[in-house]
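Notes follow once the structure below has been shown.
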Amino acid sequence: MKTILVFSGLFLFSLLYGNAPTTVSDVDLNRYAGVWYEIARYPQWFEKGMTHVTAEYIPKKDYIEVINKGYKNGKPKEAHGKAFVVENSGNAKLRVQFFWPFRGDYWIIALAPDYSWAVVSNKKKSTLWILSRTPALPENTLHGIIRLLRQREFDTGKLEFVKQD
29 MKTILVFSGL FLFSLLYGNA PTTVSDVDLN RYAGVWYEIA RYPQWFEKGM
79 THVTAEYIPK KDYIEVINKG YKNGKPKEAH GKAFVVENSG NAKLRVQFFW
129 PFRGDYWIIA LAPDYSWAVV SNKKKSTLWI LSRTPALPEN TLHGIIRLLR
179 QREFDTGKLE FVKQD
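All residue numbers for the sequence shown refer to this note's numbering, where the first residue is 29 and numbers rise by one.
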């Protein structure tokens, strides 16, 4: 019983005082909608070997439809999911579901004022995506995003850049 209480306390402490990233304050989901190109990412098992990856977000009444596309070994791959806005998050935190009942965090932690690029992670900082409205970002913009990520204590050495040409 003592062990359960100790682990419960540690878990609650990590939730309250963990090193979770800060999200942007507000996201206009209609402006965020559309196609995004994946520029760089932390390696994820479900994207291993994927190139030419895009994500399309389509607002619906109670959720956002998600369509991820890419190529693996030259063959097209596609995954469909739903994203649900977390209440009182300014639309910056979503829970994405590709397989019921599992949902993952989708936190928008940086966003260009003109919605030309975005950075997405989760509360554990174990996922990271740099997204762009175009297949490539200007070099100075990309370097600025990477500097910002380093300041926020992300391991930018883990980033893998996605082939988009």
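Glycine residues also receive a C-beta, built at the ideal position from the N, C-alpha and C atoms.
From a predicted model like this one, the values you see are computed outputs, not experimental measurements.
Helix, strand or coil at residue i [DSSP, three-state]
i, result
"R69", "strand"
"E84", "strand"
"T51", "coil"
"E181", "coil"
"G132", "strand"
"R161", "coil"
"G172", "helix"
"L57", "helix"
Integer Cβ distance of residue i from residue j, believed to fall under 8 Å
i, j, result
"V81", "E66", "4 Å"
Near the ligand COA: residue i beta-carbon under 7 Å from a heavy atom
i, result
"P49", "Ligands displayed in this structure: none; no statement on the ligand COA is therefore possible."
Residue i classed as buried or exposed, judged by whether at least 16 other C-beta atoms fall within 10 angstroms
i, result
"F182", "buried"
"L159", "buried"
"P129", "exposed"
"L57", "exposed"
"I198", "The shown model of the chain, from 29 to 193, leaves out residue 198, and the question about it has no answer."
"E75", "buried"
Which listed residue (the options) has its alpha carbon closest to that of residue i
i, options, result
"N47", "K186, S149, Q72", "S149"
"A107", "V113, R175, Y91, G98", "G98"
"W157", "P141, I174, D142", "I174"
"I92", "K110, N101, A120, Q125", "K110"
"T50", "P163, S117, Y70", "S117"
"N96", "I136, R178, K105, K76", "K105"
"E115", "S53, A68, P71", "S53"
"L139", "N101, P87, L176", "L176"
(request) Only counting runs of 3 or more residues, tell me where the beta strand (DSSP E) segments fall wholly within the stretch 90-139, in order along the chain. (result) Those beta strand (DSSP E) runs which fall completely within the stretch 90-139 and span 3+ residues are 92-100, 103-113, 121-127, 130-139.
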